[in-house]
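S.K.: Residue numbers (our numbering): 93 to 188.
We put the beta carbon where it would ideally sit given N, CA and C, even for glycine.
Remember, predicted model here, so these are calculated numbers, not experimental data.
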């Protein structure tokens, strides 16, 4: 699992079977301090996330397992919306 921020949406009028009706979002992967860790990616939204939401995602095989039916061709799936983030090693003024 890893953190990300929703920064956009993808509109696709044709999708492979199994992704019909699923929302696709553009996500910026982040470290625990909110810094980008790699390039933006498209993820399937399984939890009704919205713009600027902090989310956690799964990738690879786990992303395909997060969907029904299983094993549709996806690289990332949003599986949760983060309400708060606590890391005792961070300074209090940095806490989200």
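#1: Taking its Cβ as the centre, do 16 or more other Cβ atoms sit within 10 Å of residue 102, making it buried, or is it exposed?
#2: Return yes when the Cβ of residue 168 is within less than 8 Å of the Cβ of residue 155, no when it is not.
#3: In or out: residue 176 buried (at least 16 other Cβ within 10 Å) or exposed?
#4: From residue 113 to residue 126, what distance separates their C-alpha atoms?
#5: Considering only the alpha carbon of each residue, which of 95, 111, 105 and 109 lies closest to residue 130?
M.R.: Once the coordinates are examined:
#1: For the purposes of this step, residue 102 is taken as the residue at position 10 of the chain shown. Label assigned to residue 102: exposed.
#2: Taking the first residue of the chain shown as position 1, residue 155 is located at position 63. Taking the first residue of the chain shown as position 1, residue 168 is located at position 76. Yes.
#3: As a first step, residue 176 is located in the chain shown; it is residue number 84 there, counting from the start. Classification of residue 176: exposed, given that the 10 Å Cβ count is below 16.
#4: Within the chain shown, residue 113 is the residue found at index 21, counting from 1. Within the chain shown, residue 126 is the residue found at index 34, counting from 1. Each residue's alpha carbon lies about 30 Å from the other.
#5: Position 38 of the chain shown, counted from the first residue, corresponds to residue 130. Closest option to residue 130, Cα to Cα, is 95.
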